[in-house]
Each structure stands twice: as structure tokens, then as C-alpha cells.
Ligand code: ADP
Ligand code: MG
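Numbering (my numbering), first residue to last: 3 to 213.
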């Protein structure tokens, strides 16, 4: 099975719809350990992204992802704008001028996205950030792909691992981003960025399952 440019457009549209639907929830999570703007930030960014999609509808996957990345960097603000923006930009650079991706290409793109977030955020796993959902999600996708599972079932396992990673941020002490200012008081709350990352993974699965 292959991911086409059309699937990528559908994925971005689905992410935008999910973020809009979960905007208040994400903002509520950010009000516990941040400044109550995560849902609002991402919704602003993806609403602008939607206006850019018609302009790239016939373009290659790299061009689509890079447009998403630059739009997020310039519209989201906060920590998550540059981080998600870099992730989409790096994924776009990794996919280049392809119109179709196989499972290995998707893994390469996701690895590039995670590397981009980590180098921009100077962050690693276990610091109570989006990385704690994304990292385990990519690990699970790689493991299932290496075991020759079909892409849909590999992606299901990946989303399940993202969800476990998201929940695992609850007992973590935040050492990066705004939540780190709270020190010990950051413990006991689910990270907003890990939650939006899980929602994006779920959106990807929804699109692939709908194929
Ligand atoms: P801000 O914290 O500037 O208000 P947002 O509320 O939009 O930005 O995003 C907060 C989320 O960004 C956090 O929940 C966390 O997942 C993520 N984050 C913050 N700093 C980093 C970092 N250095 N590396 C990775 N993720 C980070
Ligand atoms: Mg915030």
C-alpha cells in the first residue's frame, strides 16, 4: 500500500478538523501546566494551513509538507509552532518530489520530523513533551514494519504506542518548555503537546483506514 499526495492532503485536512474539535481540551490541558494557549495556537495554524492547501493540491508530497511547515512556523507562535513547523518542514525535505510513499519512506519522513523537533527543542525523551508520544509511535511503526506487518496494522500499533506515550507524560516531571517552570507541580498532568501529537497520529490512521 502506498501513501499518495492526495492522502497527505486528506491527512492535513483531518488534522485541522481534529485540532478544531479538540481545541478547548488541548487548551484546558495547557492551562494546568502552561499558559492555556496550545489548542488556540494550533487551531490558528491549521486553519491558515487549510487556506493554503488548494495551492498545493497538484504538487508533490514534499511541497505539500513544506507548505504546512512554513505556515505553522509563521502562524502558530508559542513553542509548538516552530517545533511542529520544523517537523513538517523536515518531513517535506525527506520526501522530496515524490507523489507516493511506501512504509519505509514514511518512516524516514517521521524520523526526520522527530530529529527536527529534537534539534530545535534541544529535547529528549522523558522530559514531558510531544516527543514522549512521537518517539514511541515511531518505534512501534518501525518494529511492526520490520516484522513485515501491513502498513495499516503497523500504523494501528504506532497510534496505540503514541497513546501510551501520551499517558506516560502524566507522572513525568517537565524539564523543557513552559511546564518546566512549575517544577514538581508539573507532575500529575498530561502534556498538551504529547496530546496533540497523538491526535495527529490518530488522524493519519483514520485516513489510511479509510482507503
Ligand atoms: P507555549 O508553551 O510556548 O505556550 P504551546 O502551548 O503551543 O507553546 O505548546 C506547548 C507544548 O510544546 C508542550 O506541551 C510540549 O509538548 C511542547 N514543547 C515545549 N517545549 C518543548 C521542547 N523544548 N521540545 C519539545 N517539545 C516542547
Ligand atoms: Mg502554551
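Cβ atoms here follow ideal geometry from the backbone N, Cα and C, with glycine treated the same way.
Query, Result
"Do residue 103 and residue 63 have their C-beta atoms closer together than 8 Å?", "yes"
"Please determine whether the Cβ atom of residue 191 lies at a distance below 7 Å from any heavy atom of ligand 1.", "no"
"On the DSSP letters alone, give me the boundaries of the alpha helix (DSSP H) that residue 22 sits inside.", "7–23"
"Mind reading off the beta-carbon distance from residue 4 to residue 198? Whole number of angstroms is fine, and I expect it under 8 Å.", "Not a contact, Cβ separation roughly 27 Å."
"How would you call residue 187, buried or exposed, if buried means at least 16 neighbouring beta carbons within 10 angstroms?", "exposed"
"With residue 141 and residue 163 assumed to form a contact (beta carbons below 8 Å), what rounded beta-carbon distance in angstroms separates them?", "7 Å"
"Mind checking whether residue 176 and residue 184 have CB atoms under 8 Å apart?", "yes"
"Strictly by DSSP, which residues pair up with residue 175?", "Looking at the DSSP assignment, residue 175 forms no beta bridge with any residue, so it has no partner."
"Which runs of the beta strand (DSSP E) at least 3 residues long sit entirely within the segment 100–172? Give them in chain order.", "none"
"For residue 119, count the other beta carbons within 10 Å of its own beta carbon; 16 or more makes it buried, fewer makes it exposed. Which is it?", "buried"
"Please output, in chain order, the residues near ligand 2 using a CB cut-off of less than 6 Å to any non-hydrogen atom of the ligand.", "32, 36, 37, 39, 40, 80, 180"
"For residue 26 and residue 42, I'd like the C-alpha separation in whole angstroms.", "8 Å"
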